[in-house]
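Note that numbering that gives the first Met the number 0 gives residue 28 to position 29 of the sequence shown, counting from 1, and the numbers run on in steps of one.
Here a beta-carbon is modelled for each residue, glycine too, at the ideal position from N, C-alpha and C.
Here is the structure we will look at.
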Amino acid sequence: MVSNTGTETARDVVPELLYQHRTYDGERAQLEPTIRRAWRFSLAPPDGVGTFPATLRVRWSDPDAGASSLVLVVLVATPGALESPLAATWTVEPITRLGHAHLQLENPGAVPVAGRVVFVLPDHLTTEPESEPAAVPAGGRTTVPLVIENRGAPPGRSYSISAVFTYTESGTHHAVLAETTAPVVGGSGADRIPPLAIGAGALAVALGLLAVAWRAARRR
């Protein structure tokens, strides 16, 4: 679900969903102020049992801000999938031209875990590499540092950033999501906030229902 919370018409609104290494594009639309719009995606079944990340990026343009985008990550779980015991948290410093951040992974379990971290940043904020391996000892913690580069993000605003740690244990795929906001400093704070808002709850519910449909189809 995408809603226009601004006062100008959002034109050329296009959602793009990345899931299981495939990209799904939604129909282009125009959203008047206060109007909401939902898109439906027919997704391929996941590769196995567990929890998998889905990344939604919505792009649009409006008369004042020009081209803009928002990005959101949600976790899609197959029916009966167990939640990962691992926790992921961010520490982020304000960003000027560059900013430093740390992702902390904590494993309370008795078995060490090895997997991969993927960083999901909005347009104009970048990091290299965007994905890297990570290992978390049993009953321990691991910190993954990264440098965020500002390539045109207006100052005076905070931007949503996400990281997903994925790993497989006992045949089950796990995905652990960490979300926070990164402030970009150096401006007056008068820059416009993107007028579109993504309904995270609505998207999560819709994808959850699709997961149930996948399992039902396999039993036929």
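Quick check: A28 and V12, are their CB atoms within less than 9 Å of each other? Taking 9 Å as the Cβ cut-off, A28 and V12 qualify as a contacting pair.
Residues in the same chain with beta-carbon distance under 7 Å from T33, minus the five sequence neighbours each way, listed in chain order, please. N3
Assumed close pair L71, A100 - CB separation to whole angstroms, cut-off 8 Å: Actually they do not touch by this definition, with Cβ atoms about 19 Å apart.
Alpha carbon to alpha carbon, what distance is there between E31 and H123? 26 Å
Check W59 in the structure and name its three-state DSSP category. strand
Give me, in chain order, the residues of the same chain whose beta-carbon lies closer than 6 Å to that of T6; leave out the 5 immediate sequence neighbours on both sides. P32
Comparing alpha-carbon positions, which option in V91, L81 and V116 lies nearest V129? In the sequence as displayed, the identity of residue 129 is Glu instead of Val. The residue with the shortest Cα to Cα distance from E129 is V116.
Report back the beta-carbon spacing between V48 and V1 to the nearest angstrom; my notes put them in contact at under 8 Å. Wrong, their Cβ atoms sit about 30 Å apart, outside the cutoff.
Nearest-angstrom Cα separation, counted from L42 out to S187: With a pLDDT of 41 at S187, under the threshold of 50, the modelled position of that residue is not reliable, and no figure is offered here.
Would you identify the three-state DSSP class for I34, choosing helix, strand or coil? The answer is coil: DSSP assigns I34 none of H, G, I, E or B.
Tell me the residue span of the beta strand (DSSP E) that contains E148. G139 to N149
From A177, I147, S60 and V135, residue whose alpha carbon lies closest to that of G108: V135
C-alpha gap between R96 and A53, whole angstroms: 29 Å
Reduced DSSP secondary structure (H/G/I, E/B, other) of F40: coil
Taking the alpha carbon of A113 as the reference point, which residue from F51, T165 and R156 has its own alpha carbon closest? T165
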